[in-house]
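**Q**
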Amino acid sequence: MAEKKFQNMVAIVTGGAKGIGSSIVKKLANNGYDVILNYNSSYEQAKQISMTNSNIHIFKADVSKYEEVCNLVNFTINKFGKVDLLVNNAGIDLIKTINDTTLDDFDNILKTNLYSAFYTSKEVSKYMIQKKYGHIINMSSIWGLIGASCEMPYSVSKAGLDAMTKSLAKELGPSNIRVNSIAPGIIDTDMNKDLTSDEKKSIISEIPLEKIGTPDDIAECVLFLVKSNYITGQIIQINGGWNV
Ligand code: NAP
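For the sequence shown, the working numbering assigns the number 230 to the initial residue and increments by one for each residue that follows.
1. Which residue spans inside the segment 347-408 form an unbroken beta strand (DSSP E) run of at least 3?
2. Tell me whether E380 is buried or exposed, calling it buried when 16 or more other Cβ atoms sit within 10 Å of its Cβ.
3. Nearest CA to the CA of N318: which residue from D333, Y459, S370, K325?
4. Only counting the same chain, and skipping five residues up and downstream in sequence, which positions put a Cβ closer than 8 Å to that of N472?
5. Checking the sheet assignment: what are the DSSP bridge partners for Q466?
6. Between the Cα of D446 and the Cα atoms of I253, M238, A246, which residue gives the shortest distance?
7. When you measure from the CB of P437 to every non-hydrogen atom of the ligand NAP, does any distance come out below 6 Å?
8. Can you give me the Cβ contacts of M230 inside the same chain, cut-off strictly under 6 Å, excluding the 5 residues immediately before and after it?
9. Going by Cα to Cα distance, which pick from N237, D329, V385 is closest to L343?
10. Please check the pair V242 and D313, which I expect to be a contact at CB under 8 Å, by giving their CB distance rounded to whole angstroms.
11. Using the rule of at least 16 other Cβ atoms within 10 Å of the residue's Cβ for burial, across every protein chain shown, is S431 buried or exposed?
12. Pairs of beta-carbons, one from the segment 272-284 and one from the segment 256-263, closer than 8 Å: are there three or more?
13. Does the Cβ of A392 lie closer than 6 Å to at least one heavy atom of the ligand COA?
14. Tell me the rounded alpha-carbon separation between L397 and D423.
15. Which same chain residues, not among the five before or five after V451, have their C-beta less than 8 Å away from its C-beta?
16. Along the chain, where does the alpha helix (DSSP H) containing D334 start, and where does it finish?
17. So Y344 is in the beta strand (DSSP E); what residue range does that whole segment cover?
18. Less than 6 Å separating the Cβ of D419 from some heavy atom of the ligand NAP?
19. Answer yes or no: do A246 and S279 have a C-beta to C-beta separation smaller than 7 Å?
20. Helix, strand or coil: how does DSSP classify V316 here?
21. Flag N269 as yes when its Cβ comes closer than 6 Å to any non-hydrogen atom of the ligand NAP, and as no otherwise.
22. Which of the three DSSP states, helix, strand or coil, is assigned to G248?
23. In the DSSP output, what is L266 paired with across the bridge?
24. Measure the Cβ-Cβ separation of K395 and G462 and say whether it is below 7 Å.
25. Hey, how far is the Cα of T305 from the Cα of S457?
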């Protein structure tokens, strides 16, 4: 029987239908949270996940668009009257040299990975401030910390998220709102589906724990963070020791 520690707690998880997001949604719901699973294109996956637990409620929004984020937050407030936890997980990647990267590519990555977190945090924090309670977790990346060759917009978006984490931790801390980043290394999801087995072997050879991480490794960290009371403004690295 799952531990039910978080009854009457409400979470929004963006990009919750696949990969890391879906593990976070299930972990939170199994621990008692009511979870708004935000999806954009993965309706079937979202529907299926919602059928596994009555605490999971699905809502379509393209989080790169401010109006759609407002709809997502309004849906949550109308249903539950509050948001205790926001997980900004939605993200896209692009592997291109700077010369091949178009202005639209750059805009698209920044809008999806970084502006989205501004939009959600702006809308959700006003309700958290009212309640004097809340927690925001931003899904960053190892590349935000050390930069990835041929993934400049992605790395910039994640470094921006980490700066947002630190700024908002300072600004919102006095309102009892914690803000943290999780920075995964390589995790086994669709984001890495185009890597060849030789490319994977080469990455694994650089990782002290000699393996790729799982979405559950990240979801466990989300659970650890929500159980804590005194961790804020941190970039938690989960990467098997890749950049040690
Ligand atoms: P994934 O399986 O490709 O999932 C990406 C998720 O983002 C999907 O649920 C997708 O939703 C959502 N998304 C993309 N654009 C969106 C938009 N405009 N509006 C709403 N949702 C949108 O990849 P993942 O590995 O689980 O990635 C999750 C997060 O972890 C990302 O922020 C990624 O940068 C980060 N991360 C991943 C790794 C890794 O190795 N996998 C490493 C470091 C960081 P729909 O499918 O519904 O469109």
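The beta carbon of each residue, even a glycine, is placed where N, CA and C say it ideally should be.
**A** Let me lay it out:
1. 363-368
2. buried
3. S370
4. I371, L374, I375, G414, Q466
5. A412
6. I253
7. no
8. Residue placement at M230 cannot be trusted, given a pLDDT of 46 that sits under 50; what the coordinates show is reported in the next sentence. No residues qualify anywhere along the chain.
9. V385
10. No, V242 and D313 are not in contact; Cβ-Cβ is about 12 Å, not under 8 Å.
11. exposed
12. yes
13. What this structure holds is the ligand NAP, not the ligand COA.
14. 35 Å
15. I253, K256, L257, V316, I366, I411
16. 332-339
17. From DSSP, Y344 is part of no beta strand (DSSP E); its letter is neither H nor E.
18. yes
19. no
20. strand
21. yes
22. helix
23. V242, I287
24. yes
25. 24 Å
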